[in-house]
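Taking full-length UniProt numbering, the leading residue of the sequence shown gets 1, the next gets one more, and so forth. All C-beta atoms, glycine included, are put in the ideal place defined by N, C-alpha and C. Heads up, the thing below is written out as structure tokens.
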Amino acid sequence: MKKAYNLTGSACFNESCVACCGKGSHRGMGCGTTTDYELCGDVGEYVFFDGSHPTERANIILSDFLWNGRLNFIWPVNMKQLYELSSTTNTMEISSEDEGLYFTDA
């Protein structure tokens, strides 16, 4: 069992290598399409629901990271900054730990 950790080092998932639903060594196939698939007890502990779909909890964490992520991970802007970028201005100041980054239309 491999745990997935968030950026603070806290375990946010107890299983990151095996899917919640399916068959095979990593439960990556056959979720709901065969009679011999396995289903986990707590989907919130898994990164993947089946072989190709993240769990709802994983999607929430990823979307929050993309929307609010700091510049050392989401560069040059996160999705919130991109959304807030006004089309009427040609300069946007991005404050990330006072690094003083500026983007302009030159």
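- Three or more Cβ pairs closer than 8 Å define a contact, and the region 42-54 meets that threshold against the region 15-23.
- In this model, residue 85 and residue 70 are separated by some 16 Å (Cα to Cα).
- Beta-bridge pairing by DSSP links residue 22 to 38.
- By the criterion of a C-beta distance shorter than 8 Å, residue 30 is surrounded in its chain by 22, 23, 24, 36 and 37, once the five residues flanking it on both sides are discounted.
- DSSP, read as helix, strand or coil, puts residue 13 in strand.
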